[in-house]
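Peer 1: Structure in structure tokens, see below.
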Amino acid sequence: MTMHGDKGGRSAGTPRFGERRRSYELAASARGRRRRRIGRLCMRIVVPVLLAALVVGLVLLAYATLGGAPASYESPYRWPGEAVFLAGGPIGSGDANYSECLVRPDDGEVRTVAVPSGGVRLDPWFAGAATILCGRSVSVTSGPQLPLYPFALSRPLLVGLGVAVVVVGWSGYRLTTARPGAPRR
């Protein structure tokens, strides 16, 4: 005997046995499709864009640091009098963590410049040209490469781009692969 006619003891809004499970599975599969769509977006667009930014950063680093002319006592650099960047390599520790360069202008005051391993920008304090002599070989960069140095020497920027690529790639991978025990649809 049923109370509500032919509904078998159920009220009007109560689902039949098994219907609740199917509606949960449909909602879970919709969430899974949405997660996979976001994951594919990460893998197809975001990761390649971040990888391209990382590659551009590394190319800028190489162009800015390797594109300069050497300056040492054996091979002095003739400075035409425009702004330059002197980049020294990693040298040592303590007080000897820099190279010393002697800047001898044709007309003007001779100066000794300490060049740390990260480098230093020099603006001319004289008119005309000068000769740069350094104890250890340094790279002298001028012209269009000069504005690239702040980016090229920014290790946190390059490390951050690398971490972003790994995190977004890993997230995209996790979003596109099904978890164990999850229904596949």
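42 is the number of the first residue of the sequence shown in the working numbering; add one for each residue after it. Note that beta-carbon positions come from the ideal geometry of N, C-alpha and C, so glycine has one too. The model shown is predicted, which means the values in this text are computed figures rather than measured ones.
From L189, S183 and V97, pick the residue whose C-alpha is nearest to that of V121; which is it?
Peer 2: On the sequence shown, residue 121 is found 80 positions in, with the first residue counted as 1. Checking the sequence shown, residue 121 turns out to be Pro, not Val. Among L189, S183 and V97, the Cα nearest to that of P121 is on S183.
Peer 1: Hey, out of C83, V88, R75 and A103, whose CA is closest to Q186's CA?
Peer 2: Translated into positions along the sequence shown, residue 186 becomes position 145. Checked all of C83, V88, R75 and A103; the closest Cα to Q186 is A103.
Peer 1: In chain order, what residues of the same chain lie with their CB nearer than 7 angstroms to the CB of P146, ignoring the 5 residues before and after it?
Peer 2: Here residue 146 refers to the residue found at position 105 of the sequence shown. Counting only Cβ-Cβ distances below 7 angstroms, and skipping sequence neighbours, we find F167, G169 and A171.
Peer 1: Have a look at V87 and E115 and give me their C-alpha separation to the nearest angstrom.
Peer 2: Within the sequence shown, the letter at position 46 stands for residue 87. Within the sequence shown, the letter at position 74 stands for residue 115. If you take the alpha carbons of V87 and E115, they lie about 49 angstroms apart.
Peer 1: Hey, how far is the Cα of R119 from the Cα of A110?
Peer 2: Locating residue 119 in the sequence shown gives position 78, counting from the first residue. Locating residue 110 in the sequence shown gives position 69, counting from the first residue. Using only the alpha carbons, I get a separation of about 10 angstroms.
Peer 1: Quick one: what's S116 bridged to in DSSP?
Peer 2: Taking the sequence shown and counting its residues from 1, the one referred to as residue 116 is at position 75. In DSSP, S116 forms no bridge with anything.
Peer 1: Between T153 and the rest of its own chain, which residues show a CB-CB distance below 8 angstroms, the 5 nearest in sequence each way excluded?
Peer 2: Within the sequence shown, residue 153 is the residue found at index 112, counting from 1. Excluding positions up to five away in sequence, the list reads E141, C142, L143 and V144.
Peer 1: Within the same chain, show all residues whose beta-carbon is closer than 6 angstroms to that of E123, passing over the 5 residues directly before and after it, in chain order.
Peer 2: As a working mapping, residue 123 is identified with position 82 in the sequence shown. If we look at E123 and ignore the five residues flanking it on each side, its Cβ neighbours are S183.
Peer 1: What does a CB cutoff of less than 7 angstroms around I173 pick up in its chain, not counting 5 residues either side in sequence?
Peer 2: The residue given as residue 173 occupies position 132 in the sequence shown. Here the set comprises A112, P117, Y118, W120, C142, V144 and V181.
Peer 1: Put A110 into one of helix, strand or coil per three-state DSSP.
Peer 2: For the purposes of this step, residue 110 is identified with residue 69 of the sequence shown, where counting begins at 1. Correct three-state label for A110: strand.
Peer 1: What ranges does the beta strand (DSSP E) occupy inside the segment 170 to 207, keeping only unbroken runs of at least 3 residues that lie completely in it?
Peer 2: With a minimum length of 3 residues, the continuous beta strand (DSSP E) runs that stay inside the segment 170 to 207 are 171 to 175 and 179 to 183.
Peer 1: With a threshold of 6 angstroms on Cβ separation, who are the neighbours of G210 within its own chain once the five nearest residues in sequence on each side are excluded?
Peer 2: One-based indexing of the sequence shown puts residue 210 at position 169. The answer, listed in chain order, is V88.
Peer 1: Count the other C-beta atoms from every protein chain shown that fall within 10 angstroms of the C-beta of L107, then say buried if there are 16 or more, exposed otherwise.
Peer 2: On the sequence shown, position 66 is the one that residue 107 refers to. The residue is exposed, with fewer than 16 neighbouring Cβ atoms inside 10 Å.
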